[in-house]
Amino acid sequence: MKKIIILTLSILLNSIFAFASPFSFSFDETTVEATLLSAEKSLSKAVVIPDSVENGGKYYAVSKIAKQAFAKCGKMETVKLPSKLKIIGPTAFAECSKLKSIVIPDGVDVIPHHCFFFCASLESVTLPSSLKSIEHDAFIACRSLQTIYIPKSVRHIGSWAFGENLALKSVEFESGNNTLSIGDHAFDRSGLETLVIPSFVDSLGEYVFNGCGSLKSAIVETDLDTLPKMTFHSCEDMTELSLNGAMNAIAYGAFSDCKKLSRITLPNMLKEIGVNAFDGCKNLTTINLQNLPSLQAIGEAAFSGCEKLERVILPNGIKKIEDGTFMSCHSLIEIIGTNVESEAEFSFYDCPKLKTKKFAK
32 MKKIIILTLS
42 ILLNSIFAFA
52 SPFSFSFDET
62 TVEATLLSAE
72 KSLSKAVVIP
82 DSVENGGKYY
92 AVSKIAKQAF
102 AKCGKMETVK
112 LPSKLKIIGP
122 TAFAECSKLK
132 SIVIPDGVDV
142 IPHHCFFFCA
152 SLESVTLPSS
162 LKSIEHDAFI
172 ACRSLQTIYI
182 PKSVRHIGSW
192 AFGENLALKS
202 VEFESGNNTL
212 SIGDHAFDRS
222 GLETLVIPSF
232 VDSLGEYVFN
242 GCGSLKSAIV
252 ETDLDTLPKM
262 TFHSCEDMTE
272 LSLNGAMNAI
282 AYGAFSDCKK
292 LSRITLPNML
302 KEIGVNAFDG
312 CKNLTTINLQ
322 NLPSLQAIGE
332 AAFSGCEKLE
342 RVILPNGIKK
352 IEDGTFMSCH
362 SLIEIIGTNV
372 ESEAEFSFYD
382 CPKLKTKKFA
392 K
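So the mapping is simple: the numbering used here equals the position in the sequence shown, first residue as 1, plus 31.
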């Protein structure tokens with residue numbers, strides 16, 4: 032009789048605990064692995080996901096968190112992920128408004144799109160050495176995230192991955208990486224203050240650091256065929272920039288509206304400066320174009336609105352000055368281009384102090 036009572040009580044307790052679990056799972060009999068499908072929205076502040084779960088007398092390693100599993104869990108502040116985790120689904124932790132920190136275990140190789148979208152309180156993220164890809168919008172609008180360390184295993188950072196991270200002051204790339212691509216807008220309107228783009232970055236998208244209003248200095252160590260369109264557009268606090276890698280061209284608006292930019296080091300073998308490349312760089316006082324023997328083209332309005340630029344010496348490869356190239360350079364006194372054969376009608380429009388133009392006869 033006692034055995035029957037104990038057995039009955041045990042079954043009841045197991046049923047109660049199973050019913051009380053805040054998680055739901057599916058089970059794969061072949062791999063003996065479990066997928067966490069969903070979690071209750073009323074989860075407590077500190078959440079622990081078990082490494083394994085029992086089903087039918089068998090234990091299954093928790094290896095996957097499904098799409099939207101923890102989305103909008105508004106009370107959760109920390110979460111301990113299972114040690115055997117391999118896959119996290121898209122939007123799995125999206126809009127967890129109070130989530131403050133997370134450590135992603137080794138074994139996870141992709142942070143999927145919108146995984147931590149608008150986790151407004153997220154301050155700390157630890158990425159694993161197994162990680163290969165951070166997909167588009169993965170951490171977008173995580174407005175409390177202050178630093179991020181990118182392991183050398185990462186090969187790709189997707190578009191808007193860290194966009195609108197207003198508190199993100201620094202990003203550090205682990206040395207030893209072989210190749211890394213960074214997508215369009217990846218750090219758009221983030222709070223970066225200093226930046227070093229290492230030599231193993233082999234691809235940059237457009238608008239990558241657009242609107243990083245707190246960025247004061249940047250060093251680009253990598254070799255690129257072209258610095259893409261609007262790369263540093265409207266980085267209004269940036270005062271100095273060094274392009275130390277090999278580079279053939281600077282694309283449209285790459286440094287436009289960098290209003291405090293006063294010093295820039297350009298690659299020696301640069302061939303082309305694109306349209307509006309330095310448009311609105313009001314504090315730029317000097318630009319050493321004469322040290323660029325391969326420079327052959329400067330686009331329209333490339334230096335328009337560079338109000339403090341006083342003197343320009345063009346290299347021998349420049350034979351034509353395009354429309355608006357030096358428009359509204361209010362301090363420009365002298366320009367020398369010994370091989371310049373022609374200038375467009377508005378090349379020097381609104382340059383009231385320009386007295387000397389020395390061009391080819």
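Where is the CB? At the ideal position from N, CA and C, for every residue including glycine.
* To do: Tell me the start and end of each unbroken beta strand (DSSP E) in the segment 235 to 273 that is at least 3 residues and wholly inside, in chain order.
  => 248 to 251, 255 to 258
* To do: Throw me the rounded Cβ distance for the A277 and T262 pair, which I believe falls under 8 Å.
  => Wrong, their Cβ atoms sit about 16 Å apart, outside the cutoff.
* **Alpha-carbon to alpha-carbon, I364 and A333** => 18 Å
* To do: Please work out which residues of its chain come closer than 6 Å, Cβ to Cβ, to Q321, disregarding the five sequence neighbours upstream and downstream, and give them in chain order.
  => I344, P346
* P259: buried (16+ other C-beta within 10 angstroms of its C-beta) or exposed? -> buried
* Asked: How many Å lie between S293 and V251 at the Cα?
  -> 17 Å
* Asked: Excluding sequence positions up to five away, which residues of its chain have a Cβ less than 8 Å from the Cβ of T109?
  -> K76, A77, V78, L130, K131, S132, I133
* To do: Kindly provide the ranges of any beta strand (DSSP E) runs that are 3 or more residues long and lie completely inside the segment 113 to 187, ordered along the chain.
  => 132 to 134, 155 to 157, 178 to 181
* To do: Following the continuous beta strand (DSSP E) through R294, name the residue where it begins and the one where it ends.
  => 294 to 296
* Asked: Can you name the start and end residues of the beta strand (DSSP E) that L301 belongs to?
  -> Note, L301: premise wrong, no beta strand (DSSP E); not H, not E.
* Asked: Who are the near neighbours of T270 in its chain, counting only those whose CB is closer than 8 Å to its CB and skipping five residues on each side?
  -> K247, S248, K291, L292, S293, R294, N314
* Ends of the beta strand (DSSP E) at F58? -> 54 to 59
* Asked: Nearest-angstrom Cα distance between V232 and T210?
  -> 6 Å
* Asked: Would L223 pass as a contact of S245 if the rule is Cβ separation under 8 Å?
  -> yes
* Spatial distance of T387 from G311 (CA atoms) -> 23 Å
* **N370 (DSSP reduced to helix, strand or coil)** => coil
* Same chain, Cβ closer than 6 Å to Q327, neighbours up to 5 away in sequence not counted -> K302, G348
* **Same chain, Cβ closer than 7 Å to P81, five either side skipped, listed in chain order** => V93, P113
* Asked: In terms of alpha-carbon separation, which member of V156, G242, G189 lies closest to S175?
  -> V156
* To do: Report the rounded CA-to-CA distance for S212 versus V139, giving the unit in angstroms.
  => 19 Å
* To do: Using 10 angstroms around the beta-carbon of K33, count the other beta-carbons present and answer buried if the total reaches 16, otherwise exposed.
  => Note that K33 has pLDDT 37, beneath the 50 cutoff, so the model's placement of it is unreliable and no number is given.
* To do: Measure the Cβ-Cβ separation of A97 and L68 and say whether it is below 8 Å.
  => yes
* To do: Counting only the same chain and skipping the five closest in sequence on each side, list residues whose C-beta sits under 6 Å from that of A125.
  => A102, H145, F148
* Asked: Taking C-beta to C-beta, are A70 and C104 nearer than 8 Å?
  -> yes
* Asked: Rounded to a whole number of angstroms, what is the C-alpha to C-alpha distance between K111 and D137?
  -> 13 Å
* To do: Spell out the partners DSSP gives T109 in its beta bridges.
  => A77, S132
* May I ask you to report which of helix, strand or coil DSSP gives L43? => Bear in mind that the predicted position of L43 carries a pLDDT of just 36, short of 50, making it unreliable; the figure below should be weighed with that in mind. Helix at L43.
* **Buried versus exposed call for Y90 [16 or more other C-beta atoms within 10 Å across all chains shown]** => exposed
* To do: Can you tell me which of the three DSSP states L320 falls into?
  => helix
* To do: For A391, count neighbouring Cβ atoms within 10 angstroms of its own Cβ and tell me buried if that reaches 16, exposed if not.
  => exposed
* Mind checking which residues open and close the beta strand (DSSP E) that includes F204? => 201 to 204
* To do: Within its chain, find whatever has a CB closer than 6 Å to the CB of L385; leave out the 5 residues flanking it on each side and keep chain order.
  => L363, F379
* Distance, Cα to Cα, G189 vs E195? -> 14 Å
* Can you give the Cα-Cα distance for T257 and K72, rounded to whole angstroms? -> 47 Å
* **Beta-carbon spacing of N319, Y283 below 8 Å** => no
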